[in-house]
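**Student:** Residue numbers for the sequence shown follow UniProt numbering, beginning at 1 and rising by one.
Before I ask anything, here is the structure I am working with.
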Amino acid sequence: MDRKLTQSLPRRWPRTSTVIKQEEIDFNDKRTDQGLRPASNISSVYCHKKSKSLDIKLLPNGLGYADIQNNVSEPPSFWSRLCLQFKPRFGWSPNLEWRSNPKYDGRYVLIGETKLPLVEHLTRSGYIDPSKIQTDQFVSNVFKSSKYTLFNFIPLNLVQQFRRAANIYFIIALILTLILPDAPLDPSSWVLSLVFVVSVTMIKQGYEDYLRHIKDRSTNERNVSVVHNGNLKTLKSREIAVGDILRLVENEIVPCDIVVLSSSHDNGLCFAMTANLDGETSLKKKYSCNLTKYLRTKEEINNLRGFVECEVPNPKIDSFLGRLTLFRYNEEKRDTEEFSTPLNQTNLLMASTQLKNTKEVLGLCVFTGSQTKMSLNSRITKNKFSVVERTLNKFLIFYGVIMLLQILISTILTMHFGFEYSTVRDKLYTQYKIYFEDTANEWYIGQVLDVDFMAWIITSLIWFTLFNFYIPISLYITLECQKMISSRLYRRDMIYYDSNVLCNTSDVNEDLGLVTHLFTDKTGTLTTNVMTFRKYVDENCRVGLSLKEEEGIWSPFLMILTMCHSAQIDSDNFVASSPDEKALLEACRKGGYNYLGETNDGIISIQTKDRKIRNYRKLDELEFDSFRKSMSVIVQCEETSKIFVLTKGAETTMAESISSNYSDLSRSLVDEFAEEGLRTLVLGYRTLTEDEYTSFNAKAEVARSAVIESNRTKFVREAYSLVENNLSFAGITGIEDKLQEDLQETLEALREAGIMICMLTGDKRETAVNIAQSCGLIPRGSQIIEICNVSIERDMNILISSVYDRQRNDTLERSGVNTILVVDGKLLSYIFKNENCKNKFSYILGTVTSVIACRLSPIQKSLLVRMVKKIDTKNFVTAAIGDGGNDISMIQEAHVGFGIIGLEGKGAARAADFAFSKFKFLRRTLLVHGYWFYDRVAYVVQYSFYKNIVCFFCQFLIAFYSNFSATSLYSGTFLTCFNTIYTSVPVLIFGLFERRESEETLWNNPGIYQRNVGNKQLKAVKLVSWFCLGLWQAVVIFFGWLLAWPTMNSIGLGDLFCMGTVIGESTILVTNYQILFDAKYFDPKLVLSIVLSLFGYGIVTFVLQKGFIPFFEESNEFGVYELLFLSLPKWAISILLVLSCLLPKFFVRSAYYFLVANEDAIKSKIKKTVRFDLSMNKL
C-alpha cells in the first residue's frame, strides 16, 4: 500500500460526512445486472478488490463484453455495482430537444494534480484499470459564441448564405449565363448583382461576429488561480482543465462548473449571484462537500486523493447529481479506507455566476467550455420564423410559375417561328429561301439548326437567363436591413417611455401586427410582484390584519414565518429569492418578531416581542419544488433540544399533509382569502424524536446520493414525505399583489383589437378569478364556463363534451356576450393525453372571449400555447408574456415572446423576443409598432415583386417583335443596378418610416389593428392585385413607347438600344413614383431617396455611355442617353405614360372612399391625422 499517497488525508472526518453502506444501495439499475454486458463503450472500470473482479474479454469480431465473476460469497459491494464508467453520448436533437442515451450517464473526475500516482495506487488496490481511463470526453475551457475565424470566414459564410433557396437560385442563373452558348446577357451583370447582395450580408454578419469575438476574448483571457502542487498558479481561463482545483475570491466570475470543496465560512457555505445565468439577482446558497468543507488551506486540498462521479453534461440548471469519494490510509488497520458523500445542485457553482459575500472558495472543475450548463442552455432557444417569411415561399412559387409559363411560351414560339430553327422536312425549303430570295442579305441569321431535344433544352435555358429576374435578388437583403434598423428605431422610440426596453431579435417584428392570442402570466406580469402582508389566520382560526396583534406567545405559527425560508440579510435588508418570503419576514419584523440571520454553524436567531433571543439549529432544509409545492426546514431548539418540522406550501398540497386541526372553517378562510385576490400559504408543523430524525436523515442522505436522476428525484421525494405528513395546522397567510399600472385600460384596448387574452397562473382558482375581475379580464355580465376541481377522468370527458355541444348549439345566443372559460391544471393534463378531448377543447377555445387557467405548471403553460398554435396554423399568431423563469418555456413556444423585467430577474426578459418593465407598454408595442411593422414589411414584399413585373414583363413583350430571338431589351449595367441601386433605397426608406395610420389614430382606435390580422396584406387577392398592377403598367410602358417609336425614329433615336434605355427609365420612374403615390406619411427622406434614385439612373447611364463606350466607338450605345435627355418628345411621352400608369389606382381608391367608406369615419380620421396626406391611401 502506498502510504505516501494517502497519509496526508485527514484522519478525522467530519461527523456529518456520509459513508455509503452496501445495504443502503438500490440494485434495480438494469445496467448492473450480473452476467454478460456490452463493453465496447466502457471507458474505465472500477471494482472493489474484495467483492469481485471484472474481466474484459474480446470476441473474434473485435467487440468486447464484460464478464462479472463473483469470486466471493459476500453480496456485490457498492463499487462493483455503481462504478462502471461509460463514455457519455449527449447532444441536441434536430428539433433542439436535449437527448442523451441513458446507458451513458456518468463521468469520473480524478482529484488532485498528481493523477498518475493516484492511478497507480488505485490499480494496486484493485479499484481501477488504468488502460481504460480516457479523457477524450472532456473539452477545453474555451467559450466560443463566435461562428467564424479569420481563415474560415469567407468560405463558411458563403456556405451559410447559399443554403438559402433564393441564393441557390441566383447562383444557378449565373452558372447558366456563363456556360450557355450565345447567352443573351453579359455574365458580368449577374456577377455584380450577386456579389453586391452577398457582400452586404457578409459585411453585416462579419461585424456581428467581430463583436462576439471581442466578448469571447474577454471571457477566455481572464486570470484564474489554480492549486498546483500546493501552490497557487495563475492560468488563463481557457487553460483550465477538468480536474483542476480552482481558488476563487469574492466578486470573481466563476470560469467553469465547479464542485465546491470548501469556503471561507466555517460551515462551508458560500453565496453566488446567478443573474448572468437565469437573470435572478437574489443570492443563492451553495454548500461545500461534507467531506472537505473543513479543509481550508491549499496544501490540504492539494493532498486529497479520490474522484468525483457525476452525471454527463446537460442543460438542467436546477439539477446536478454526483458523488465524491476520497481515500485515507488507516495506519491501525494498515489499509485504505474510502469515504463517500452525495453531491447535488447546491454543491455546484456554475460558470458565469458571481461569488458574493464569501472571501474565498476552493472548488473542483467538473465541466468546462461547451459542456458547462451555461453553454448548453445557450442552445435551447429555437429559431423563430415570422408569418411573412413563411408566406414569402408561396410568393416565390407563384412568381416562379409565372416565369416558367413565360419560358415555356417563349420556347415554343421560338421553335415554331424562329429563323434559326427548322424541322427536317422544311429544312431544305427554308435554306432555299435564305440563300436565293431577298432574305439572303440577312447575314445575322446564320445556319439553320435542327429541332431536337437538346435544342429545346438550350433554348429554354436561354429564356430562363432572361426571365429569372422576376425573383428580386435584393429582396432578402432589403428585408434583413429593414428588420434590423426597425428594431433599433423601435427601441429608440420605446426608451422615451421605458429605459429598460430590450429588443433581442428582429426576426419576428412583423408578427407583432398579427397577434390573435395573448397568453399572460399573472404574478409579476398583470400584478407588480410587490407583496404586502395583509391577513393571517393563526392555529386557533383567529383572523388578524397585523402580527402586532399577536399576544407575544412564541407559537409554531411564528416559528414557521420567521424560520421556514431561504432568505439572507444584507445591510439589514432581507434578500430572498421569493417576494413572498420577503413580505412575510418584513411583516414579522414590524410585528416585533425579527429574524436576525443564520450563523456559519447553522444557528438561527430570532428576537421576539419580549426582546428575548431564541436560537435554533437548522438541521436540514427541504427545498421547494413544483411537484410538492411546499418547503420545509427541520430545526432543533437550543434550549429544549426539541426537533421541529416547519412547513409551508400551497393549500392543495398542505390539505393532504395536515392531519389535525385543519377544519372546514380553515378551508373556508383559505377560499375567502383567495376570493379577495390574496396569495395564500397554509402552514403546518410537527415534532420529531431523535430516532425519527436519525432515520429520516439516513434515508435522505442515501436518496440524495443516487446517481441516476430519476431515482434520486423519486427517492428524495419519498424521504421528504416521511416528515412532511401528519402535520398539525399552524395558520394561513394572505399576501396582496397589486395590479400593474394602467392594466385595465391596456387589456380593454387589446380586447378591442380582437386579441383573445388567456391568463395562465399557478395560483388557486379563486385568486385567479378575483384578479381577472379586478383588472377587467372578466367584464361585467360575462358568462363564465368553469371546469375545475374534477379528478375523475370520466367526469372530465363528460363535462368537456357537454360544453362542446353547448357551444356548438348556442352560437346565435352567444353573440354579443363575453364568454369566459376557467380551467385548471388537472383538466389540461387529461386533455393533453386524450386526442378526442383535445379536439373538442380546441373548438371550445375558439368560441370563448377569454381563458383563465389556474394551477398550471410551466410545462402545461407551454403545451397550452402549442395546442392553440395548432388549431389554425395559417391565421393564429400567439404571443406570451411573463416575468419569471417558470414562464420561459411558454415565452419561447409562442410566435412572439415578451418578457417583463421585474423583481424575479431578467431570465424571462433574456429568453423573450422583446422585453420591457411594465405590462402597459404592450399596448404601444402591438397596436402601434406592431401595426407599422407588418404594414411596412408586407408592402416591401409586394412591391419588390411588383417592380420586377413592371420591368421584366417588357422583356417578354419585346420577344414578339424580335422574332423570339432571345435578345435582351436592357443592357447588362441596367440589369445589375435595377434591383440594387435604382429601386432598392426608396422601398427601404418606406419600410422604415411609413405610417399609413398615425400614432394617435392607432392609439385611439384599437380596432384598426384587425385590418391586418390573418396576414390580410399578403393574401392571394392582394398578390393578384399587385401582379395585375404590374402587368398593366408594363403593358402601358411597352406599347406606349412602341406606338411612339415612329416619332423617335424620325429624330434618329429608333434603334433597340434607345428603346431599352427609355423603357428602363420609364419603369424606374413609374415604380418610384408608385411608392410616393402610396405613401401617406410625408417623409422628406423618402422624397430624397426617390430623387437620388432617378438622378442615379441618369448619371450612371450617362457616365457609362460617355466615359467607357468611346473605347468602342462602333457600339450603338455611345451617347444614346445624352440624345434622349435632350429630346422634348421623349419627356412628353414619359410624363404621359407615368400618369397613365398611376391614374387607374387613383380612380379605384377614390371610388372606394366615396362609395364604400363611411363619410363620417373619414372626416374624423382626417381630423386626427397629424401629417400631410399625400394619397388618401386606405387600401
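Backbone N, C-alpha and C define an ideal beta-carbon position, used for all residues, glycine too.
It should be emphasised that the depicted structure is a prediction, and the values quoted were computed from it without experimental measurement.
(1) DSSP state of Arg679, grouped into three classes?
(2) Whose C-alpha, out of Val508, Leu321 and Met654, is nearest the C-alpha of Val937?
(3) Please state the DSSP three-state secondary structure of Thr647.
(4) Taking only the alpha-carbon atoms, compute the straight-line gap between Lys870 and Asn834 and give it to the nearest angstrom.
(5) Which whole runs of the alpha helix (DSSP H) in the UniProt domain "P-type ATPase N-terminal" (132-186) are 4 residues long or more, in chain order?
(6) Could you give the residue range of the alpha helix (DSSP H) that holds Phe960?
(7) Select from Asn223, Phe1125, Lys522 and Ile1133 the residue whose C-alpha is nearest the C-alpha of Val234.
(8) Leaving out the 5 sequence neighbours to the left and right, which residues in its chain are closer than 6 Å to Tyr720 when beta-carbon positions are compared?
(9) By how many angstroms is the C-alpha of Thr525 removed from the C-alpha of Thr32?
(10) Does the beta-carbon of Phe956, which I'm using as the reference point, lie nearer than 8 Å to any heavy atom of the ligand NAP?
(11) Just to confirm the assignment, what range does the beta strand (DSSP E) spanning Cys270 have?
(12) For a test of the three-state rule: what should DSSP assign to Thr292, helix, strand or coil?
(13) Please classify Trp1131 as buried or exposed, where buried requires at least 16 neighbouring CB atoms within 10 angstroms.
(14) On the DSSP bridge assignment, give the partners of Thr336 in chain order.
(15) How about Leu1023 and Phe398: are their beta carbons less than 9 Å apart?
(16) What residue range is occupied by the uninterrupted alpha helix (DSSP H) comprising Thr973?
(17) Taking DSSP as the reference, what is the three-state secondary structure of Lys764?
(18) Which class does Asp824 belong to by DSSP, given the choice of helix, strand or coil?
(19) Determine the DSSP secondary structure at Arg611, reduced to helix, strand or coil.
(20) Contact defined as beta carbons within less than 8 Å: I believe Tyr931 pairs with Glu510. What is the distance between those atoms, to the nearest angstrom?
(21) Out of Phe832, Gly825 and Ser782, state which residue places its alpha-carbon closest to the alpha-carbon of Asn818.
(22) For my contact list, Thr1071 and Val950 are in at a C-beta cut-off of 8 Å; report their separation, rounded to the angstrom.
(23) What residue range is occupied by the uninterrupted beta strand (DSSP E) comprising Lys285?
(24) Roughly how many whole angstroms lie between the Cα atoms of Phe964 and Ile407?
(25) Which residue comes first and which comes last in the beta strand (DSSP E) that contains Cys365?
(26) Does the structure place the stretch 643-651 close enough to the stretch 600-614 that three or more beta carbon pairs sit under 8 Å?
(27) By Cβ distance, which residues of its chain are closer than 7 Å to Lys359, with the 5 residues on each side in sequence left out?
(28) I'd like to know if the stretch 907-916 and the stretch 489-508 are in contact, where contact means that at least 3 CB-CB pairs between them fall below 8 Å.
(29) If I'm right that Arg305 touches Ile603 with Cβ under 8 Å, what's the distance once you round it to whole angstroms?
(30) Within 10 Å of its beta-carbon, does His416 have 16 or more other beta-carbons around it, so buried, or fewer, so exposed?
(31) Would you mind working out which of Val823, Ile245, Lys384 and Leu683 sits nearest Thr292, comparing C-alpha positions?
(32) Quick one: what's got a C-beta closer than 8 Å to Ile1037's C-beta in the same chain, skipping five residues either side?
(33) Near Ala959, what residues of its chain come up, given a Cβ to Cβ distance below 6 Å and the 5 sequence neighbours on each side ignored?
(34) On the DSSP letters alone, give me the boundaries of the beta strand (DSSP E) that Phe385 sits inside.
(35) Report the three-state DSSP secondary structure of His517 (helix, strand or coil).
(36) May I have a chain-ordered list of the alpha helix (DSSP H) segments no shorter than 4 residues that lie completely inside the stretch 869-946?
**Tutor:** In short, the structure shows the following:
(1) Per DSSP, reduced to three states, the secondary structure at Arg679 is strand.
(2) Per the Cα distances, Val508.
(3) Strand.
(4) About 15 Å.
(5) 153-161 and 165-179, all fully within the UniProt domain "P-type ATPase N-terminal" (132-186).
(6) Segment: none, Phe960 is in no alpha helix (DSSP H) and carries neither H nor E.
(7) In the sequence under discussion, the amino acid at residue 234 is Thr, which differs from the Val named in the question. The shortest Cα separation from Thr234 among Asn223, Phe1125, Lys522 and Ile1133 belongs to Asn223.
(8) Hits under 6 Å: Leu622.
(9) A caution first: Thr32 carries a pLDDT of 32, below 50, which makes its placement in the model unreliable, though a value can still be read off. Roughly 49 Å separates the two Cα atoms.
(10) Inclusion of the ligand NAP in the displayed structure is not the case, the ligand content being empty and no account of it being possible.
(11) In the DSSP annotation of this structure, the continuous segment of the beta strand (DSSP E) that includes Cys270 starts and ends at Leu269 to Met273.
(12) DSSP places Thr292 in coil when its eight states are reduced to three.
(13) Burial call: exposed.
(14) Beta-bridge partners assigned by DSSP to Thr336: Tyr329.
(15) Contact flag set, yes.
(16) Per DSSP, Thr973 belongs to the alpha helix (DSSP H) from Gly972 to Cys977.
(17) The DSSP-derived three-state label of Lys764 is coil.
(18) Looking at Asp824 - three-state DSSP - the assignment turns out to be strand.
(19) Arg611 falls in the coil class under three-state DSSP.
(20) In this structure Tyr931 is not in contact with Glu510, their Cβ atoms being roughly 10 Å apart against a cut-off of 8 Å.
(21) Asn818 has its Cα closest to that of Ser782, out of Phe832, Gly825 and Ser782.
(22) The pair is a contact, with the Cβ atoms about 6 Å apart (cut-off 8 Å).
(23) From DSSP, the beta strand (DSSP E) with Lys285 extends over Leu283 to Tyr287.
(24) Spanning the two alpha carbons is a distance of roughly 11 Å.
(25) Run containing Cys365: Glu360 to Phe367, per the beta strand (DSSP E) assignment.
(26) They do not touch, by the three-pair rule.
(27) Val249, Glu250 and Ser264.
(28) In this structure the stretch 907-916 touches the stretch 489-508; the number of beta carbon pairs closer than 8 Å is three or more.
(29) The C-beta separation of Arg305 from Ile603 comes to about 34 Å, leaving the pair out of contact by the 8 Å criterion.
(30) The residue is exposed, with fewer than 16 neighbouring Cβ atoms inside 10 Å.
(31) Checking every option, the nearest Cα to that of Thr292 belongs to Ile245.
(32) Counting only Cβ-Cβ distances below 8 Å, and skipping sequence neighbours, we find Val950, Cys954, Ile1063, Ser1066, Thr1067, Val1070, Leu1137 and Cys1141.
(33) Cβ neighbours of Ala959 beyond the five flanking positions: Ser410.
(34) That residue, Phe385, is in no beta strand (DSSP E); it is neither H nor E in DSSP.
(35) In this structure, His517 counts as strand in the three-state DSSP scheme.
(36) Counting only runs of 4+ residues, the alpha helix (DSSP H) found wholly inside the stretch 869-946 occupies 888-893 and 907-911, in chain order.
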